[in-house]
Each structure stands twice: as structure tokens, then as C-alpha cells.
Amino acid sequence: MIIPLNVVHEAGHGFICALYGNDYSITLSWFGRSNTTCLNNNFNQIVYGIAGGLFAMVLLLLFLIIPQIRQNTGIRIGFSALVIMALGNAILEGFLFEFYNQNILLSEFILYTVWFVSIAIQWMIILRQN
Numbered sequence: 105m106i107i108p109l110n111v112v113h114e115a116g117h118g119f120i121c122a123l124y125g126n127d128y129s130i131t132l133s134w135f136g137r138s139n140t141t142c143l144n145n146n147f148n149q150i151v152y153g154i155a156g157g158l159f160a161m162v163l164l165l166l167f168l169i170i171p172q173i174r175q176n177t178g179i180r181i182g183f184s185a186l187v188i189m190a191l192g193n194a195i196l197e198g199f200l201f202e203f204y205n206q207n208i209l210l211s212e213f214i215l216y217t218v219w220f221v222s223i224a225i226q227w228m229i230i231l232r233q234n
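For the sequence shown, the working numbering begins at 105 and goes up steadily by one.
Spelled out as C-alpha cells, the structure:
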């Protein structure tokens, strides 16, 4: 699931580049860092940063509409946690763009911690209800 989300994330950045009339290139990597390069600086950097996480978040929310996903507790928790992580990515990359890009390992650690904690919280809530 992570690789398709990576493609959607980078497509979100590319969409903003195209929206501002800029050419762009997308580099995808299995093990390295994927990125989108906007060939001009004629764009709103906050909107550009938010777009990647927002595109992934919208796709994940669309999956949560599917009844089979929504009704399966484990899958629902997994998708919900990815939604929260994508939202965190949109905020981090949008409002702290330089920090995000200069400290990519720390940024990823923060995002995966958010993902793990959101899974743990959702399971704790479900276990307490039963």
C-alpha cells in the first residue's frame, strides 16, 4: 500500500506545479527517496508541500467508504492510521518544508511514530469497549 501512496503523494506535488504552469519531473524509488521537482519556483510552497499528503489522505478516505474495508476492524484501523499519517505529512511538509527536507529521517521517524501511536490508540479504544 505504501508504494501506490507514494505515487499519489508525488502526483499531488506535480499537480500543484502544473496548476501554477510549471513543468515538473517525478522520480520514484523503491528504496530511496522519491520526489517531485518543480522546474520553476513560481508556486506557493505551502500549498505545494500540503498537496502530497492531502492527495494521499483523500485516496485513503475514499477507500474507507468501501463497506468491506469499513467493516473489517483491522483494515479500518490500518487505513485510519494511514489517513492520520498522511495528514501529519501534509502539515509537516506544508508548514515546515525546509525542516522536512533537511531532516528527512527525523521527519519520517515522527510520521511513523504518529502512525504507530494512532494504531495503538484505536486498538485500545476498541478493547476497552469490549
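For glycine and all other residues, C-beta sits at the position ideal for the given N, C-alpha and C.
Sheet register partners of residue i (DSSP bridge)
| i | result |
| --- | --- |
| S129 | T141 |
Classification of residue i by the beta-carbon crowding that lies within 10 angstroms, buried from 16 upward
| i | result |
| --- | --- |
| Y152 | buried |
| M105 | Residue confidence for M105 is low, a pLDDT of 49 falling below 50, so the modelled location carries little weight; the figure read from the coordinates is stated next. Exposed: under 16 other Cβ atoms inside 10 Å. |
| A160 | buried |
| T140 | buried |
| E114 | buried |
| S129 | exposed |
| L109 | buried |
| I120 | buried |
| I230 | exposed |
| L196 | buried |
| S222 | buried |
| A155 | buried |
| L143 | exposed |
Selected residue, minimal CA-CA separation from residue i, among the options
| i | options | result |
| --- | --- | --- |
| T217 | M228, P108, L123, N193 | N193 |
| F147 | I173, L163, G198, T177 | G198 |
| L132 | G118, Y124, A122 | G118 |
| V112 | S138, D127, Q233, I208 | S138 |
Element boundaries [alpha helix (DSSP H), containing residue i]
| i | result |
| --- | --- |
| W134 | Premise fails: W134 is in no alpha helix (DSSP H) and is neither H nor E. |
| L215 | 208 to 233 |
| L200 | Unbroken run through L200: none, as it is neither H nor E. |
8 Å Cβ cutoff met for residue i and residue j
| i | j | result |
| --- | --- | --- |
| L168 | G116 | no |
| A190 | Q226 | no |
| I179 | I173 | yes |
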